[in-house]
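Structure first, then comments.
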Amino acid sequence: MSAEFIDVFFPSTSRLLRTTFPDAFDAIFPPELQRSCASPAYVLPIRWPSLVPLTLLGVGVGAFGLVQCRADALKPRRPSTPALSLSFAFYSLMNFSALLAHCLLPREHFWQPILVALDIASTACCSCSALYGCRSRELEGALRWGSAQQQRRSQRRQALTLAAMNCLLCAAAFFGPRVPFLPELLYIGSACIAAAVVGTYVRGRPTRGRQALWRALLFGGGALAGAGVPLDARLCAVAGPHINCVVVLFAGCHLIMFALAMYVRDELRVSYDEPRVSYDDAAKAGGAAGRAGRDKGERGGPGAPGHGSGGGGAEARGAGSPQLAGDGAARRRLN
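Number 63 in the UniProt record's numbering belongs to position 63 of the sequence shown; there are no gaps in the numbering.
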């Protein structure tokens with residue numbers, strides 16, 4: 001095995017040693033030992049090869065969304081988003097468990113039922129965490145409303161609710177698979193309810209930045225995921241066993257979660273990172289500009305532009321009305 005490594009990576013050195021010092025080379029790498037210690041070769045069976053890159057992509061999408069949500073730790077002006085952060089974390093876990101359960105491990109493997117239960121639990125927790133994050137208005141900074149005591153109470157309630165909800169979902173997924181229709185309720189039911197709640201929430205909010213694009217991608221991903229089942233037979237006829245409704249479902253879910261991550265990123269950046277000027281500050285600045293223009297017009301003599309005709313008279317009249325100038329400047333700064 002070692003001699004093979006030298007032959008492959010350093011062929012010139014191998015030829016030189018074998019021709020110049022053959023006895024020394026055979027003493028260091030005995031041929032009989034090289035044959036008995038040949039490099040092992042294993043065959044890894046992979047089911048649904050087309051799902052492997054999709055599940056790895058899903059792990060990356062969940063990690064990307066988690067980073068966008070947890071950036072509030074580095075930027076204190078941003079609100080805390082624990083439920084949305086958990087949703088993206090569970091999405092990564094869901095795709096990792098799907099990679100093992102659907103692609104790498106045989107169906108009769110000991111870990112197969114555990115990984116299937118983990119996949120179902122992660123899907124339910126991802127959906128319900130996103131649902132709760134929208135219902136609790138995390139992006140609006142609801143955890144920071146009220147006094148300091150009220151904020152602490154809201155944060156404790158949020159943490160306890162998330163912990164209890166996700167623990168119950170995991171317990172149902174792991175200990176209740178024999179209950180009729182419980183896997184369907186956890187996997188499909190939670191996803192459908194979360195899609196309706198999150199879609200309604202996103203649609204009813206004003207758009208900032210490029211959120212209109214991300215909202216369109218989010219609804220497009222939902223349509224793609226829902227189109228997998230009716231297109232399954234046609235996809236099988238066209239692409240064979242490589243593309244089916246499961247592949248389309250994963251692709252649509254990835255598009256949904258990526259769009260949601262970008263939507264959250266734009267919301268946090270535009271609403272909390274960019275400097276915002278209040279109307280009072282803008283009005284004060286505009287009033288100061290108006291007073292400066294009025295003083296300039298008063299200091300000018302009869303021959304000054306402010307006392308002449310034409311454009312100078314318009315400038316003097318505009319400067320002589322500090323309130324109007326202040327309001328105009330305030331509106332310009334706010335816009």
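In this text, a Cβ means the ideal position worked out from N, Cα and C, and glycines have one as well.
Contacting residues, own chain, Cβ-Cβ under 7 angstroms from residue i (five flanking each side not counted)
{"i": "N95", "result": "T55, G58, V59, G62"}
{"i": "M262", "result": "W214"}
{"i": "S14", "result": "I6, D7"}
{"i": "V202", "result": "R215, L218, Y263"}
{"i": "D119", "result": "M94, S97, A98, A101"}
{"i": "S85", "result": "L66, C69, R70"}
CB contact flag (residue i, residue j, <7 angstroms)
{"i": "residue 408", "j": "V198", "result": "Here the chain has residues from 1 to 335 only, and residue 408 is not among them."}
{"i": "A173", "j": "A121", "result": "yes"}
{"i": "A233", "j": "L249", "result": "no"}
{"i": "G221", "j": "I193", "result": "no"}
{"i": "L16", "j": "F25", "result": "no"}
{"i": "S190", "j": "C134", "result": "no"}
{"i": "R208", "j": "V270", "result": "yes"}
{"i": "Y132", "j": "A195", "result": "no"}
Burial state of residue i (16 or more Cβ within 10 Å)
{"i": "F88", "result": "buried"}
{"i": "A216", "result": "exposed"}
{"i": "A212", "result": "exposed"}
{"i": "Y42", "result": "exposed"}
{"i": "C167", "result": "exposed"}
{"i": "G176", "result": "exposed"}
{"i": "F90", "result": "buried"}
{"i": "H242", "result": "exposed"}
{"i": "F10", "result": "exposed"}
Straight-line gap, residue i to residue j (C-alpha atoms, nearest Å)
{"i": "L231", "j": "P183", "result": "23 angstroms"}
{"i": "C126", "j": "N244", "result": "23 angstroms"}
{"i": "F21", "j": "S12", "result": "14 angstroms"}
{"i": "A251", "j": "A117", "result": "21 angstroms"}
{"i": "Q323", "j": "R157", "result": "At Q323 the pLDDT is 44, less than 50, meaning the model places this residue with poor confidence; the figure from the coordinates comes in the next sentence. Going by the C-alpha atoms only, they are around 48 angstroms apart."}
{"i": "L3", "j": "A159", "result": "Sequence inspection shows Ala at residue 3; the Leu mentioned does not correspond to that position. Near 59 angstroms, if we compare the C-alpha coordinates of A159 and A3."}
{"i": "C223", "j": "L260", "result": "As written in the sequence, residue 223 is Ala, which differs from the Cys given in the question. C-alpha separation (whole angstroms): 15 angstroms."}
{"i": "C253", "j": "P40", "result": "39 angstroms"}
{"i": "A38", "j": "A27", "result": "17 angstroms"}
{"i": "Y187", "j": "H109", "result": "22 angstroms"}
{"i": "L235", "j": "T161", "result": "42 angstroms"}
{"i": "R178", "j": "V238", "result": "36 angstroms"}
{"i": "F64", "j": "T81", "result": "15 angstroms"}
{"i": "residue 391", "j": "Q149", "result": "Nothing about residue 391 can be reported from this structure: the residues present for the chain run from 1 to 335 only."}
{"i": "A227", "j": "V247", "result": "11 angstroms"}
{"i": "R152", "j": "L185", "result": "34 angstroms"}
{"i": "residue 401", "j": "R107", "result": "Any answer about residue 401 is impossible in this case: the structure gives the chain only from 1 up to 335."}
{"i": "G240", "j": "V229", "result": "15 angstroms"}
{"i": "T200", "j": "S92", "result": "24 angstroms"}
Spatial neighbours of residue i in its chain, beta-carbon cut-off 8 angstroms, leaving aside the 5 residues before and after
{"i": "R210", "result": "M262, D266"}
{"i": "C103", "result": "I46, R47, W48, P49, L51, V52, T55"}
{"i": "L105", "result": "W111, Q112, L115"}
{"i": "S36", "result": "none"}
{"i": "T19", "result": "none"}
{"i": "L44", "result": "L104"}
Cβ-based neighbour list, residue i, same chain, cut-off 6 angstroms, excluding 5 preceding and 5 following
{"i": "A164", "result": "none"}
{"i": "L139", "result": "E267"}
{"i": "E32", "result": "none"}
{"i": "C170", "result": "A121"}
{"i": "Q34", "result": "A3"}
{"i": "F258", "result": "V61"}
is_contact[residue i, chain C] using C-beta, thresh 7 angstroms
{"i": "Q158", "result": "Judged by its chain identifiers, the structure shown contains no chain C, having just a single protein chain."}
Taking only runs that begin and end inside the region 70–141, name each unbroken alpha helix (DSSP H) of 4 or more residues, in chain order. Secondary structure in the region 70–141: the alpha helix (DSSP H) runs of 4 residues or longer, each lying completely within the stretch, are 82–98, 112–135 in chain order.
In chain order, which alpha helix (DSSP H) runs of at least 4 residues are fully inside the region 169–204? If you keep only unbroken alpha helix (DSSP H) runs of at least 4 residues inside the region 169–204, you get 190–203.
Would you list, in sequence order, the uninterrupted alpha helix (DSSP H) runs of no fewer than 4 residues that lie entirely inside the region 204–285? Correct list: 211–226, 232–239, 245–268.
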